[in-house]
Structures are given as C-alpha cells and as structure tokens.
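Going down the list, the protein sequences come from chains A, B, D and P. Counted from 1, the first sequence has number 91 at position 91 by my numbering; the numbering is strictly sequential. Positions in the second sequence are counted from 1; adding 160 to them yields my numbering. Positions in the third sequence are counted from 1; adding 320 to them yields my numbering. Positions in the fourth sequence are counted from 1; adding 406 to them yields my numbering. Worksheet: one structure, shown below.
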Amino acid sequence: MPKNSSACSKAVPSVSIQNMDFDAAQEYAQLRDSGAGTGAIATFTGLVRDSGDRQDVTGLFLEHYPGMTEQVISDLIVQAAQRWDVRKARVIHRIGRLPLQSQIVFVGVCSAHRGDAFAACEFIMDALKTSAPFWKKELTDAGEHWVEQKASDVARTEGW
Amino acid sequence: MPKNSSACSKAVPSVSIQNMDFDAAQEYAQLRDSGAGTGAIATFTGLVRDSGDRQDVTGLFLEHYPGMTEQVISDLIVQAAQRWDVRKARVIHRIGRLPLQSQIVFVGVCSAHRGDAFAACEFIMDALKTSAPFWKKELTDAGEHWVEQKASDVARTEGW
Amino acid sequence: MSEQSLNVRFFARLREELGTEHLTMPAPAGQTAADLLATLAKRGGPWAQLNTGQPVMIAINQAMAKPQSAVSAGDEVAFFPPVTGG
Amino acid sequence: MSEQSLNVRFFARLREELGTEHLTMPAPAGQTAADLLATLAKRGGPWAQLNTGQPVMIAINQAMAKPQSAVSAGDEVAFFPPVTGG
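Written out as structure tokens, the structure is:
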C-alpha cells in the first residue's frame, strides 16, 4: 500500500486535502517560523475565477483520488527539495463544491534565497496541475461539465 | 519634479516605503479583494537572514532615496502590467534598522492566470533589487559595513 | 480480494460514464494495464472508449503507471481522465 | 538654487566617504553627468574615487541616467553605489 508521507532531510512535506477553507495568513505565519536561515517565502493561491471554459460558471466541484493525491504532492515537494533549497513547504488543496472566488489551492515555500523559493513554488504548482489526481467540474445554472486538461498546462510542466 | 505615482489602466501601483513592519495577512486580504477575474495570487516576502556576507551579522540598516524609490518601483509595476496580466500589485519595502528575521520586502501580484502572477511577481522583485535605490548595511558586534551588489542579482534582472 | 484478482477503480468523467466506481478483475500472469483496458473495453457500450486511443491515465497502487506496466494480483489499478486540479 | 546651478546628492557609502549629503554646483551649458563627476573628482582625497572607473550610479531628477546624459541648471543629480535593496 502507498505511504502517506515521504522522508526528506531538507524539507518535510506538509500536504492537506480538505473540504474546508484555509487561512492563508496562518499558513504564512507557519512558513515564516522556519528558522533563521530563511530569507525568502514565496506563496501561490489559486482562486475560482468567474470565467472558465464557459461564461456562466457559478462554481466548481473537485473530485480527487484519496491517498494517491497526498502521495503525489509529497513526492513533488521532495523533488523540489532535491533541485532547490527548500526549508519548508506547504500545500493545501480543497475538494468538493467551491463557489466563485473561493480559494482552491495554496502552495508556500521557504528558502534561503528568492530564486529557489520562486522556482520551487512554481514547479510544485505546475506539476500538481498535471500529475496530482484531481478532477474539476464546472457548475452552471444549466448543468455541470468536466473540465478538459489544457495543453498549455502540460507544456508548462514539461518545461521544468 | 518626479511624480510619486504612475497611471496604468491595468494595475494601479501601490508602493509603500516604511520603517514599520507590515502584516502579510492584511496585504494578502487586500490582494484577494481584486475582482472576480482574479484566479491567481503570487506573493514574495524577503526576510533578514542570519548569514549574510559575514557570519556575525546581527541585523541590517537600509537607506533609500526618498521619492525616486517609489517612482522606480511604480514604474516596474507598470512594466509588469504591460507584459503580463496584472490586476493588482503591491510592494512594501522597509528602511532603517532591521534585526535578524525581520520582514524586509513584500511583493504581491493578482492575475487571471498563475503564470502571469508568478512572472510579474518575480520580475518586480528581481528588478527592484538592481534598480530601486536602496542600500544595505550589515550590522555586526564589531561594526557595520555596506553590502556590495551581487553579480548574480544583475544577471537575474538581465534575464528578464 | 483473492490473490488471483485485482481491484480496479475509476474516477471523474470515466466513473460517471461507466457507471462504475470500482470492480474486481482476474489477474492472470503477465497482464499489463493495456491488456486490462482491452479486456474491459470488450464490455461494449461506454466501456469501448477504454480502447479507442482517447487518453486514459493509469495508476497502479496509487503511483502513475504506463500502458505497458504489469498489473498483478492484489494490485489497486485506477483509470481516470487527464487530471485538472489546481 | 539659482537657474545657473544644480543640486547634487550622494547616498550610502559614497555619502559617508565624501562626508557630504548634498551640494550645489555650477551648471554650464552642455555639461554631462560624466563632466560633473570629473569636476568633483578634482577635489582630491575621497572625491578622486568618482573618476577611477569604480561603478557610480547616476540619477537625474530621480530617474536613472547615464554618464553621457546632459545635466542642466535646476536638475537634481544623484550619485550613489550600485543598489542593494530587497
């Protein structure tokens, strides 16, 4: 059976998949508390936009593969920590029904230097989009439909 | 005389140079309140690290060129908004004496898409380091010394 | 699940179109994920899509896998559309 | 400041080493920032560094400028070391 966490001497992956909203302020405070060697904190938050594939979208529904999702994202953090200085990393991804403007995803990375923080944060986010098993449905007044994977997302991940 | 703000149809630059600390949570909340078209918020925070050019650094002192600093950073935000989708951007830079682990700088960008948010945020931060008139002194128990500009910072900015 | 079988899971659009969340399948020696897809496609109807070249992602024991990956007795094999999180 | 002069400002290490935060200088027609640096360097002592090829950044009216940029009466001309913020 798959394990839910991966050991990493440089950065302990901290991954949460949850229905409930998250507090970006609290996440930032915990990232900042990562030792005196941290000089850079990069964060990314994704929100539900008002214009998806269609204009009448009222929200999203997110399904995931429990267990595998956490493992894939933990592995991405480990990969990031092998390529860049990563002192702490945190990923939260929400599932279930999310109305417009909801927070969907948070990625935060602490590093000694800004280049590492930016690269690790963007890498984790890009790779999550094409490898973590989440699926999005757009909800409209007329019904709902599954979102298709974007070729541009695949290209971005291949760029790393 | 130079103006302290620049007009931009896409993103109003919001720049603060201040002695006092800032609340990253409050900044995030204000960035998030940027309309239903925002799908991505990227933030960067710089902290005073415990190992600068020398190991015995107890803090930093930051000097700046009042007026010009705000203008240069506003111009960087305008440049970013010309290259990427930027719905809102916020830069805070502290001056004066900053002990270890203090927050020095905050850059936050809202965009429709994550690639734009990451690129604009990192561009503003990189360009700020090599073009905004700030100067850093490292403070040690034995005295203080001006920090030299890093060739790697210049190379990063030229990469944009 | 006996030692001679494996557990198959479907997610998202595939789960909905097949009307199936999981099922148990035989696990003959030497079977690959592609073999398993071909067997399932023979059920016809919506199952035929599993063998038409439309992209189906494969995970074996919750790790990404390829069509040529071996699937063995006791494995958890999942099929799903390209992922769209984030 | 009269119309025939310009205001010069120094920052950071340069301000400290020159012991000068600002001064007023003549503004002859056709003067460039490099000319102004050369004039100031003739003061000798720490001022000599302004003409030794050591990098000095130049701002005219609070916008980045080059050694060949013209400096005119009424301008605010600033000289400072390479910046190190962020």
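Quick reminder that beta carbons are idealized off the backbone N, C-alpha and C, glycines included. Note that this is a predicted model, so its numbers are computed, not measured.
- As the crow flies, the alpha-carbon of B/LEU207 is around 10 Å from that of B/PRO259.
- Taking 7 Å as the upper bound on Cβ-Cβ separation, chain A lies near no residue of the stretch 343-367 of chain D.
- Fewer than three pairs of CB atoms, one per stretch, sit closer than 8 Å, so the stretch 186-199 of chain B makes no contact with the stretch 224-242 of chain B.
- Listed along chain P are ALA418, ARG419, GLU422, PRO487, THR490, each with a C-beta nearer than 9 Å to that of B/TRP306.
- Using a Cβ distance threshold of 8 Å, B/GLU298 and B/LEU220 count as a contacting pair.
- Burial state of B/HIS224 is buried, judged by a 10 Å Cβ sphere holding 16 or more other Cβ atoms.
- Contact annotation: the stretch 123-132 of chain A does not touch the stretch 300-315 of chain B, with fewer than three C-beta pairs closer than 8 Å.
- Bridge pairing for A/PHE106: A/THR45, A/ILE92 [DSSP].
- At a C-beta separation below 7 Å, B/MET228 has these neighbours in chain P: ALA465, GLN468.
- Secondary structure at A/ARG87: coil, using DSSP grouped into helix, strand and coil.
- Per DSSP, reduced to three states, the secondary structure at D/LEU334 is helical.
- Distance between P/PRO461 and A/SER74, taken at the CA atoms: about 46 Å.
- For B/LYS296, the nearest beta carbon of chain P is closer than 8 Å to its own beta carbon.
- Sequence-distant Cβ neighbours of P/TRP453 in its own chain, meaning closer than 8 Å and more than five residues away, are LEU424, LEU446, ALA447.
- The Cβ atoms of A/THR45 and A/PHE106 sit closer than 8 Å to each other.
- For P/VAL483, the beta-bridge partners assigned by DSSP are P/VAL414, P/ILE466.
- Under the Cβ distance rule, P/ALA484 counts among the residues neighbouring chain B, one pair being separated by less than 8 Å.
- Nearest Cα to P/ALA479 within the set P/ASN467, P/PRO473, P/ARG421, P/VAL489: P/ASN467.
- The beta carbon of P/LEU442 sits closer than 6 Å to the beta carbons of VAL477 from its chain, once the five residues preceding and following it are set aside; these are given in chain order.
- Shown here, A/GLN149 sits in coil according to DSSP, grouped into three states, outside any helix or strand.
- Secondary structure at B/PHE182: coil, using DSSP grouped into helix, strand and coil.
- Chain order gives no chain B residues near A/ALA132, where near means a beta carbon separation below 8 Å; the closest approach is about 15 Å.
- Take B/THR198, set aside five residues on each side of it, and the residues of its chain with a beta-carbon closer than 6 Å to its own are ARG247, CYS270, in chain order.
- In the DSSP assignment, B/THR290 falls outside any beta strand (DSSP E) and lies within the alpha helix (DSSP H) extending over 274-291.
- Distance from the CA atom of B/GLY195 to the CA atom of B/GLN186, rounded to whole angstroms, is 17 Å.
- Counting the other Cβ atoms within 10 Å of the Cβ of D/THR372 gives fewer than 16, which makes it exposed.
- Closer than 8 Å to the CB of A/THR58 there is not a single CB belonging to chain B.
- Any Cβ of chain P closer than 8 Å to the Cβ of B/MET180 would place that residue at the interface, and such an atom is absent.
- Just measuring C-alpha positions, the residue of A/GLY143, A/ARG90, A/GLU144, A/PHE22 sitting nearest A/ALA120 is A/ARG90.
- If the five residues before and after B/SER174 are omitted, its C-beta is found closer than 6 Å to the C-beta atoms of ARG250, all from its own chain and listed in chain order.
- Across the structure, A/ASP141 and A/GLN55 are spaced so that their CA atoms are roughly 11 Å apart.
- One alpha carbon belongs to D/THR352, the other to A/LEU76, and they sit about 26 Å apart.
- Its chain contains SER131, ALA132 as the residues whose beta carbon lies nearer than 6 Å to that of A/VAL72, once the 5 sequence neighbours on both sides are disregarded; these appear in chain order.
- Scanning its chain for C-beta atoms nearer than 6 Å, with the 5 sequence neighbours on each side dropped, one finds around B/SER176 the residues ILE252, in chain order.
- For D/PRO375, DSSP records no beta bridge to any residue.
- Around the beta carbon of A/GLU144, fewer than 16 other beta carbons lie within 10 angstroms, which makes this residue exposed.
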